[in-house]
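In our numbering, the protein residues as written are 19 to 671.
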Amino acid sequence: MAKDLFDNVPSKGSRDYTAKDIEVLEGLEPVRRRPGMYIGGTDATALHHLAAEILDNSMDEAVAGHASRIEIELKPDNVLTIIDNGRGIPVDPHPKFKNKSALEVIMTTLHAGGKFDGKVYETSGGLHGVGASVVNALSEWMDVEVFRDKHGHKMRFERGLAVGKLKDTGPASRRGTMTTFKPDKQIFHGDPQFSPARLYRMAKSKAYLFRGVEIRWKCDPSLLSETIPAEDSFHFPGGLTDYLASEIEGKATITPRSFFGRSENNGKGTVEWAVAWVPEMEPFLQSYCNTIPTLAGGTHEQGLRNALTRSLRAHGERANNKKTAQITPEDVMAAACATLSVFIREPEFQGQTKDKLSSPDAQRLVENVVHDHFDHWLAEDPATADKLLEYVIDQAEYRLKKRQEKEVARKAATRKLRLPGKLADCSRDAAKGTEIFLVEGDSAGGSAKQARDRATQAILPLRGKILNVASAAAGKLQQNQELSDLMQALGCGSGAKYNEDALRYERIIVMTDADVDGAHIASLLLTFFYREAPQLIKNGHLFLAMPPLYRITHGAKSVYARDEKHRDQLLKTEFKSNAKVEVSRFKGLGEMMPAQLKETTMKPGLRTLIRVDTPDAEKSNTDTMVERLMGKKPELRFQFIQENAQFVTDVDV
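Now the structure itself:
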């Protein structure tokens, strides 16, 4: 006979598990037992969620058109009062609970409210009927005063339970609801206090979200330790546009005007947005649904990103810009400062704290509305649209460059260092005391390789004029072989990945011909280092060699001159006035014999080097000059020539 597998299973407890072990929590007891399930925890953030729940109820009244004013007052002993001039919570007996007023039912029963069927509120932040009752459950005490039908009523609660019945406070000329409560120390561990600054920002943001409401702020002066006023009033007719303008005030933007708008869509919902591209600020996207801040984003944010990307791609395709295809939402939002607010019926959130919107309809609504408006915005000003597109393409190319760098870094970890084939490296392993010469062309490189000290001097020939990084797109930089070879030889990386310890040489010496072309190549190299590796300059590693332009010979004696002025000086000081001297001009370093190059330009003690420096005090001037002379705008260079042409005495053509 087969034996049951569950026979002889040892009991882990001495008592049985029976029906009497099943605990049933009634009323608001579940909230007090597990507050994290309803407000996300018991810390300072959860504490402020209580304030948000009551404020959101008042905002729902305002959005529904029944309230025009909300007051928030923070009092000593962590007491908060929120007042609105809305319709007031109903106080008549509830049909299901004959002995209780609707006010008591709302405040003491989970999932009791007027926002389920959409008849009382077309859109609302409260959905589950738990907001006010949760605040009540987690408060040491709560007083609710209702002014309705020219009459006042008041009721008190302690830790979620009603204390007595609803009281009639007599005739009243006002209307609305006033809620005063004190969070329970038994729930919020460590006794966190309401932050005036945090509540002030919350009140201000709500006023931006609904332009039809005025929010008044008041705080007991004894609680203020920051730059927050004791009293203030918020009313912003421009809505999110006003908010964005205040956030980016004084900052330079990619486009001369922000992209903003508001659209009501025949009962499907309302969308409001404001976007600016501000490179000097940390990008942000602040989103809201029915005035509830969605800190973790959601489908409405995805709709905005998709809409902006689709429209920019379409604009680029119309302009036949092939690079447009590589644009992603990440590139579009790289420097975007944006706010987005949607009002929709029955939104779906992840969790009671509503940090993330998950309604699929919200994405479709926002994407369709914003896409249509952004298409028109771009078409209205093609020059601005082109400027924004160019910037976003640069961001895309920069992103691709960074991805390629990561891939190269991963590959480098599994293989030995590979140096450019045309690099003649020095034999010393340590960086101290070594130097690399960046020379112009293979001919000069050949002479320099013969003239160098092989132990301490490396030579890297560069072919022609390198890329001007100040005017080139980021993608071109990563594709440029000369610059790639250069950074590979130096080993220190560039940009945010610059690593001083990985620099393979103590000195980097730019050695170009002493003519206009040589000066141009030197300026391109200086621009590259200034933009891509400024720390290399700041730490004193970059130098300019000073090769001679003239050789002056008399018999067995030869001297070298840097320029015409130096040549004329040497003719007077080194030779007799009637001496027959031969003056020859070097066309380039490649024409110099290795011995001459070593004697005049490369050997320590005999050569002249100029160290490149950018003092911190002059950084802004240097930035301006580099952008003016080497940047993307030729009109700035033309202006510079016009301003300085009068000072030119010699022209080398």
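The C-beta atom is built at its ideal place from N, Cα and C for all residues, glycine as well.
If the five residues before and after Thr402 are omitted, its C-beta is found closer than 6 Å to the C-beta atoms of Thr273, all from its own chain and listed in chain order. Of the residues Leu46, Thr327, Leu501, the one whose Cα lies closest to the Cα of Ile539 is Leu501.
Leaving aside the five residues that flank Ile101 on each side, the residues in its chain whose CB is nearer than 6 Å to its CB run, in chain order, Glu89, Met196. The criterion of a C-beta distance shorter than 8 Å is not satisfied by Leu485 and Ile526.
Judged by DSSP in its simplified three-state form, Met643 adopts helix. DSSP, reduced to helix, strand and coil, places Pro400 within a helical segment of the structure shown. A distance below 8 Å separates the beta carbons of Ser376 and Glu366.
In the DSSP annotation of this structure, the continuous segment of the beta strand (DSSP E) that includes His169 starts and ends at 169 to 176.
Of all C-beta pairs linking the stretch 48 to 60 to the stretch 73 to 90, fewer than three are shorter than 8 Å, placing the two stretches out of contact. Using a Cβ-Cβ distance cut-off of 8 Å, the stretch 455 to 466 and the stretch 604 to 614 are in contact, since at least three pairs of beta carbons, one from each stretch, lie closer than that value.
Linking Phe361 to Gln381 through their CA atoms gives a straight-line distance of about 12 Å. Bridge partners of Arg569 according to DSSP: Tyr578, Ser602. Counting the other CB atoms within 10 Å of its CB gives Met643 a total below 16, which places it among the exposed residues. The C-beta distance from Gly58 to His67 rounds to 6 Å, short enough to meet the 8 Å contact threshold. Here DSSP, grouped into helix, strand and coil, assigns Gln475 to strand. Only residues of its own chain outside the window of five on either side were considered, and among them Ala150, Ser151, Asn154, Val162, Phe175 have a CB closer than 7 Å to the CB of Met125, listed in chain order. DSSP places Ser243 in the coil class of the three-state scheme, outside both helix and strand. Contact between Trp295 and Ala353 is confirmed by a C-beta separation of about 5 Å, below the 8 Å threshold. Excluding residues up to 5 positions away in sequence, Arg50, Pro53, Thr60, Leu156 lie with their Cβ nearer than 8 Å to the Cβ of Ile205 in the same chain. Proximity to Thr198 across Leu92, Gln344, Ser223 peaks at Leu92, based on C-alpha coordinates. The C-alpha of Tyr578 is placed about 11 Å away from the C-alpha of Leu615. Per the C-alpha coordinates, the member of Ala397, Asp167, Leu326, Gly573 positioned closest to Gly106 is Asp167. Annotated three-state conformation of Pro612 is helix, per DSSP. In the DSSP assignment, Met125 falls within the alpha helix (DSSP H) that extends over 120 to 126.
Here Arg470 carries a coil assignment [DSSP, helix/strand/coil]. With a contact defined as Cβ atoms closer than 8 Å, Val601 and Ile628 miss out at about 25 Å. Boundaries of the alpha helix (DSSP H) harbouring Arg655: 652 to 662, taken from the DSSP string.
For Tyr306, the secondary structure class from DSSP, reduced to helix, strand or coil, is strand.
Within 10 angstroms of the beta-carbon of Glu282 lie fewer than 16 other beta-carbons, which makes it exposed.
Contact annotation: the stretch 230 to 244 touches the stretch 212 to 219, with at least three C-beta pairs closer than 8 Å.
Runs of the beta strand (DSSP E) spanning 3 or more residues and lying entirely within the stretch 294 to 349 occur at 302 to 307, in chain order. Taking the Cα positions, Leu543 is about 10 Å away from Thr530. The alpha helix (DSSP H) runs lying completely inside the stretch 38 to 89 and spanning 4 residues or more are 47 to 51, 54 to 57, 62 to 81, given in chain order. Within the stretch 360 to 384, no run of beta strand (DSSP E) reaches 3 residues while sitting entirely inside it. In the structure shown, the three-state DSSP call for Ser251 is strand. For Pro301, the number of other beta carbons within 10 angstroms of its own is below 16, and it is reported as exposed.
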